[in-house]
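Working notes for the structure below.
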Amino acid sequence: MQPNIDLREILHFTDADLALNRQGQLTPTQIEFLRKSIRGQELGCFVFSLVFSGFAILIVGQATHNLMVGVAGGIIALALAVAMMFYASRRSAQSFANGTVMTTRGLALRQTVKGRGKSIYYYVTIGEKRFLVTPQLYRAFQDGSEYIAYYVVLYDETLVSAEVITDPLKSLK
0 MQPNIDLREI
10 LHFTDADLAL
20 NRQGQLTPTQ
30 IEFLRKSIRG
40 QELGCFVFSL
50 VFSGFAILIV
60 GQATHNLMVG
70 VAGGIIALAL
80 AVAMMFYASR
90 RSAQSFANGT
100 VMTTRGLALR
110 QTVKGRGKSI
120 YYYVTIGEKR
130 FLVTPQLYRA
140 FQDGSEYIAY
150 YVVLYDETLV
160 SAEVITDPLK
170 SLK
């Protein structure tokens, strides 16, 4: 069983990572990579929270014709957003702190779903699990090939490594 080279590069895993993933564990390198990705998401959420709070100040302040009430509404909105971020962050940290890696095995099925405007969502289903993936990762999987996918549960199922088991295109050659 060999991992696809593209998958290895896109998911940033090594032979050592894959060996430990097969045993149901994350490597320290993978844990740090996941922590960095979560920090980026948290930063984005915090910036959104600041913008949302600013709008809350304006809207509540104008609706009540009282700037102090608007500021209080904005502070409450910001506090709620930060509390939700903190909760989600702690939950994510707990979910991979023990380094548990889940697996699914099956044929790959790629799907795209049109979102609002020009956005397109890319999905790869392996076995019973459906993963939201980047366009680059979407292209690395081959429909009809059998894979073992190794993943952790953060906000959703996040792939950490994968390996191709059977590739119908290679068996035809």
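When we follow numbering that gives the first Met the number 0, the leftmost residue of the sequence shown carries the number 0, and every step to the right adds one.
Heads up, the beta-carbon is just placed ideally off N, CA and C, and yes, glycines get one too.
Computed from a predicted model, the values in this text were never measured in an experiment.
Alpha carbon of T176 to alpha carbon of L57, nearest angstrom:
Nothing about residue 176 can be reported from this structure: the residues present for the chain run from 0 to 172 only.
For Q17 and E162, which I take to be in contact (beta-carbon distance under 8 Å), what is that distance rounded to the nearest angstrom?
Reading off the sequence shown, one finds Leu at residue 17, where the question assumed Gln. The pair is a contact, with the Cβ atoms about 7 Å apart (cut-off 8 Å).
Less than 8 Å between the beta carbons of V70 and M101, yes or no?
Result no, Cβ atoms of V70 and M101 do not sit closer than 8 Å.
What's the call for N20, buried or exposed, on a 16-neighbour Cβ count within 10 Å?
N20 should be labelled buried.
Just to confirm, are V132 and Y146 a CB contact at a threshold of 8 Å?
no
Exposed or buried, L25, counting other C-beta atoms within 10 Å across all chains shown (16 or more means buried)?
buried
Within the continuous alpha helix (DSSP H) that includes L17, where are the two ends?
For L17, the uninterrupted alpha helix (DSSP H) run begins and ends at 14 to 21, by DSSP.
Taking L158 as part of the alpha helix (DSSP H), name the residues at either end of that continuous run.
No alpha helix (DSSP H) holds L158; the beta strand (DSSP E) holding it covers 156 to 165.
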